[in-house]
Structures are given as structure tokens and as C-alpha cells.
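K.L.:
Input: one structure, supplied below.
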Amino acid sequence: MTRLVTRTQHTWGLECEMPTIRHLIENVDSFDADDIIFAKLEWTENSEARLFRPTEDFRAPAKATELGFKYR
3 MTRLVTRTQH TWGLECEMPT IRHLIENVDS FDADDIIFAK LEWTENSEAR LFRPTEDFRA
63 PAKATELGFK YR
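For reference, each letter of the sequence shown is one residue, going 3 to 74 in the working numbering.
Right under this line is the structure:
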């Protein structure tokens, strides 16, 4: 069972073992339009992914890069 959880430090996640690109895309209408999907390489539907809000200068937030997530 997958359940949306609340925003924590500008990130969104799904309460499941490992949110994936697929999980986030399936629930994209539930998220804020300002949030961006970041994923770990290799980018496939099963890649681990999270939503982050970009910084004011439209860069990846430090937390995303610290955790190994990328955006392209």
C-alpha cells in the first residue's frame, strides 16, 4: 500500500519501502507544481526517486545531491 506523506524540509515522499519514479509519476497530480522529481541513476521506472523544491536560483537543493539524487 502506498500513501502520501506530508512535506518535510521541502521534500515529498511516498510512504513505501522505496519511492520510485513510477510511484511519483502515478501520483503527480497530488504534488505541488513547484516540486521536481529527482532520481538516482540509472533512470528507469523503478529508480529510487523523491520530490524536491528547487532553490530560489533554480538549482538542486543540497539535500537532493547529498542523498545522491539527480535531475536532468
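We put the beta carbon where it would ideally sit given N, CA and C, even for glycine.
Small disclaimer: the values here were computed from a predicted structure and weren't measured.
1. Taking K65 as the reference, which of R74, D31, F40 has the closest Cα?
2. Given a cut-off of 8 angstroms, decide if I27 and V45 are closer than it, judged by their beta-carbon atoms.
3. So, helix, strand or coil for T22, using DSSP?
4. Assign L53 to one of two classes, buried (16 or more other C-beta atoms within 10 Å of its C-beta) or exposed (fewer than that).
5. Using only the alpha-carbon positions, how far apart do D31 and I38 sit?
P.N.:
Once the coordinates are examined:
1. In the sequence shown, the residue the question calls residue 65 occupies position 63. Measuring from the Cα of K65, the nearest candidate turns out to be F40.
2. Against the sequence shown, residue 45 aligns to sequence position 43. Against the sequence shown, residue 27 aligns to sequence position 25. The amino acid occupying residue 45 in the given sequence is Trp; Val does not appear at that position. Against a cut-off of 8 angstroms, the Cβ pair of I27 and W45 comes out as no contact.
3. For the purposes of this step, residue 22 is taken as the residue at position 20 of the sequence shown. Residue state, collapsed to three classes: strand.
4. What you label residue 53 is simply residue 51 of the sequence shown in a count that begins at 1. Buried is the call here.
5. Reading the sequence shown from its first residue, position 29 is the one you call residue 31. Reading the sequence shown from its first residue, position 36 is the one you call residue 38. So the two alpha carbons sit approximately 12 angstroms from each other.
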